[in-house]
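> I have a structure here, written as structure tokens, and I will follow up with some questions on it.
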DNA sequence: TACGTATTTAAGCAAATACTTAAATATGTT
DNA sequence: AACATATTTAAGTATTTGCTTAAATACGTA
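What follows is the structure, encoded as structure tokens:
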């Protein structure tokens, strides 16, 4: 790995920079995965959907549209992104699709939910 | 709070929907704050910057540009967003600005960093 | 089969994002 | 003061995002 240094100040620590680059390089995969999750959760509508699914266990797009006061297609398109990222999964009952959180993905999310509730208490 | 129901299926639980709406309403402030944090962290470059600041304690824009192989203005603009959101703060030493994580904001972030490292171990 | 409901998908568009390059600030050195 | 370095800011642009409306699927029922 070749360092292209633009920082010429005396204190610049090349070893440190090199070490950081190597660390990031090794962790590239983890960053991609976590960035994806956070970028999905980092949207007001989607964070609320995730929070609601955690709270109610499962909900259909129609319910979510009512609760969030949004159009069904708008909700559906948010759902699609999270389904594509395997954060949520669907169960069909007749015409209705019930969505719920994918258990594999709830570690970070649970911490986020905790923080939301904690924030509420503080505020 | 008036319910506008689009969901007409028999199983729809009005009490449940109403309850969800009220909960979201009460927590609006918390959602805004957490969404802001997550939307900032939900970007590959910014998540890496946050991770590096956590790892190295403080770094200057120039170092970050070298490590991330990006232009200095590009890094600076990411920094600005996080500074505006009070996630990071600056300390000046001569011409150099050293940025570090704002301690008030590290709860969720620390969990995220933990998850990144955990992900690395699993992968 | 025809119709109604639940949901998704597609097309179009306005707003937000993230970069680039160039110019402006701030600080330090000669 | 003149110049160099570190950083920010501004302007321009291509891409992405998140909605809207309309059309397509999927399932259930008369």
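Chains as they are written, first to last, in full-length UniProt numbering: chain A, 1 to 123; chain B, 1 to 123.
Don't be surprised by glycine CBs; every beta carbon is placed ideally from N, CA and C.
Please read all numbers here as calculations on a predicted model, not as lab measurements.
(1) Is it the case that the Cβ atoms of residue 31(A) and residue 47(B) are separated by a distance below 9 Å?
(2) Can you tell me which of the three DSSP states residue 90(A) falls into?
(3) Just list the residues that DSSP pairs residue 59(B) with in beta bridges.
(4) Whole angstroms are fine: how far does the CA of residue 65(A) sit from the CA of residue 1(B)?
(5) Along the chain, where does the alpha helix (DSSP H) containing residue 119(A) start, and where does it finish?
(6) Work out the CA separation of residue 93(A) and residue 23(A) for me, nearest whole Å.
(7) What would DSSP say about residue 19(B), mapped onto helix, strand or coil?
(8) To the nearest angstrom, how far is it from the Cα of residue 103(A) to the Cα of residue 14(B)?
(9) Less than 9 Å between CB atoms is the rule here; does residue 86(A) satisfy it with respect to chain B?
(10) What does residue 106(B) reach in chain A if we use C-beta pairs closer than 9 Å?
(11) Can you find a C-beta in chain B that's less than 9 Å from the C-beta of residue 16(A)?
(12) Please list, in chain order, the chain B residues whose beta carbon lies closer than 7 Å to that of residue 30(A).
The answer reads as follows:
(1) yes
(2) strand
(3) 99(B)
(4) Here residue 1(B) scores only 39 on pLDDT, less than 50, and its place in the model should not be relied on; the value that follows carries that caveat. C-alpha separation (whole angstroms): 15 Å.
(5) 106 to 122
(6) 47 Å
(7) helix
(8) 27 Å
(9) no
(10) Those within 9 Å of residue 106(B) in chain A number zero; the least Cβ separation is about 11 Å.
(11) yes
(12) 116, 119, 120, 123
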